[in-house]
Amino acid sequence: MTVERILPTDEAHDLLELTTELADRELAPKVVEHEQRGEFPREVLRTLGRAGLLGLPYPEEYGGAAQPYEVYLQVLEILAGRWLTVAEAVSVHTLSCFPVAAFGTDEQRSLLPDMIGGELLGAYCLSEPQGGSDAAALTTKAVRDGDEYVVTGTKAWITHAHTADFYNIFCRTSGPGPKGISCLLADRATPGIEPQTAERTMGLRSSPVAQLVFDDARVPADRLIGGEGKGFTIAMAALDSGRLGIAACAVGLAQAALDYAVNYARERQQFGRAIIEFQGLGFTLADLATQISAARALTLAAARLRDAGRPYSIEAAKAKLFATDVAMRVTTDAVQVLGGAGYVADHPVERYFREAKVLQIVEGTNQIQRMVISRALAKG
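Quick note on numbering: full-length UniProt numbering labels position 150 of the sequence shown as 150, and the sequence is numbered without any gaps.
Below is the structure:
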C-alpha cells in the first residue's frame, strides 16, 4: 500500500525516493540468504553510508546531511520494510554516534566523518547481564591509571559486538548511582575487549548480538566523553532519540506485514471469492491499517518536537510503546491471515512475527516506557 507522506522539503522527497531505490536494489534481494546464514550485511551498511544515509540527522560540518529527525525516521521506516536487521543497524549506529556528536571534544569529533560515512561502525554498550532495565545500577568499572582508564566488566545484548569498529562503553568511574557513571569511546582493536559467542536469537538472525567482556581493557583518558559522571545523562539523552528510531522501525515492519497480508488476502480464494471480501478478515485488516497510521503519526509528532528543540522524552516513550505493540499485533494477525502458510518460512510474515518481538524489548522494554509515562503523569 502506498504511504502518503507530507515532507518538509523537495530534498527530503528526493531522499526518500533514493532510500526506496536502494532498499529495493540492495536490501530486498539479500535478506533471505543472509538471515538463513546468520551473516551480518556489513557491505550494505557501507553502501548506505556512502549514499549519506547513516548521518542524516548530523551536521554537514561532520559529513552529515543536517536532515530533520522527522525525515530520518521515515528513511528508517522504509529500510525496516525491506530488512529490519539493516534498519536496526542504522538506528544503533546513529545512536552510537550521538555521544561524540553531542558531548565530545573537538578532537573526538574529528572521528565523526568516518563514523557518519559508514567506514566505522558503532556499538552502544549500556546493558549488562544483571542490569538491563536498571541502567543506573551498572557495575562495569573504569579505574584511572595515569593517561588511561582500565575497564573491567561485562556488557550484554550488544548489537554489532563482533562487527563494530568503536564502542561507547558506559562504566562506573566513582560511587553508586547515576552520578558515578561515565562514557568512554574505545576502538575495537583495544586489547582486553573480548566479544563472546553470538546469542541464538529468535529473530534478526543476520544481526548477531553478544556479550562483551572487558578484561583490564586500557582506554586512553582522552577518550572520556563529556567528563566523569556525565555518562548517565549521555545515555538517557541518546535513548530518547533511539526510542524514536525503534518506533520507526516498528512502523516499517508493521507496514510490510500488512501489505503482504493484504496482497495475499486479495488473491486467496475460499468459498468462491477472495478472503479479503469476508468482513471478519477485512475488518481485521482495516483495524491494522488504522493502528499503523496512528503509530506513524505519533512517532513523527514526537520527532517534530525534537526538531523544534522542545521536550520530547515522554512523547518518545509513548511512540516506542505504541508502535512496537502495534508491530507485534500486526505481525501476529498477518500470520493468522495466511493461516498455515503464514507459519512456514516460504512467506516473510513468519520472519516479521519473530522480528517484531525484539522491538518491544530494545531501547527500554515497553514496561519501562509505561513507567516513564506514568511517572510523568504522577508529577503533573
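Cβ coordinates follow ideal geometry from the N, Cα and C atoms, glycine included.
Measuring straight from C-alpha to C-alpha, what distance separates residue i and residue j?
i           : j    : result
R370        : V362 : 14 Å
V143        : Y149 : 5 Å
I158        : S207 : 10 Å
G38         : R200 : 10 Å
G146        : D114 : 29 Å
residue 382 : I116 : As shown, the chain starts at 1 and ends at 380. That puts residue 382 outside it, with no answer to give.
C249        : R354 : 14 Å
A294        : Y167 : 35 Å
A345        : T154 : 35 Å
Y72         : I234 : 21 Å
F40         : C171 : 27 Å
F232        : A135 : 8 Å
L281        : R306 : 38 Å
P8          : Q360 : 30 Å
D10         : L16  : 10 Å
F103        : G175 : 22 Å
I292        : G242 : 19 Å
L185        : A319 : 29 Å
D325        : V92  : 20 Å
Where does residue i fall in DSSP's three states?
i    : result
V92  : helix
P178 : helix
F278 : coil
T9   : coil
L204 : coil
K155 : strand
R370 : helix
P99  : helix
E128 : coil
V219 : strand
V209 : strand
R310 : coil
G64  : coil
T365 : coil
E4   : coil
L54  : coil
D287 : helix
A376 : helix
E17  : helix
A135 : helix
According to DSSP, which residues form a beta bridge with residue i?
i    : result
Y167 : A123 and A186
F214 : G153 and I193
E148 : D145 and P220
Q270 : R273
R172 : K141 and I181
I225 : C183
Along the chain, where does the alpha helix (DSSP H) containing residue i start, and where does it finish?
i    : result
E350 : V349 to L359
Y69  : Y69 to R82
S313 : S313 to L338
V262 : G231 to E267
P113 : L112 to I116
D24  : Here D24 belongs to no alpha helix (DSSP H), and DSSP marks it neither H nor E.
L45  : R42 to R50
V31  : V31 to R37
D346 : Note, D346: premise wrong, no alpha helix (DSSP H); not H, not E.
D106 : D106 to R109
Could you give the residue range of the beta strand (DSSP E) that holds residue i?
i    : result
V143 : K141 to D145
Can you give the beta carbon distance from residue i to residue j, rounded, assuming they're within the 8 Å contact cut?
i    : j    : result
E119 : G49  : 7 Å
T19  : L54  : Contact doesn't hold; Cβ gap of about 12 Å is too wide.
A217 : T197 : At roughly 19 Å, the Cβ-Cβ gap does not stay under 8 Å, so A217 and T197 are not in contact.
A265 : A327 : Not confirmed; about 19 Å, so no contact.
L95  : A237 : With 8 Å as the limit, L95 and A237 do not qualify as a contact, their Cβ atoms being about 10 Å apart.
V330 : G203 : Their Cβ separation, rounded to whole angstroms, is 15 Å, which puts V330 and G203 out of contact at 8 Å.
For residue i, decide whether its Cβ has a neighbour in chain B, counting only Cβ atoms nearer than 9 Å.
i   : result
L79 : In summary, chain B is missing from the structure at hand, where a single protein chain is found.
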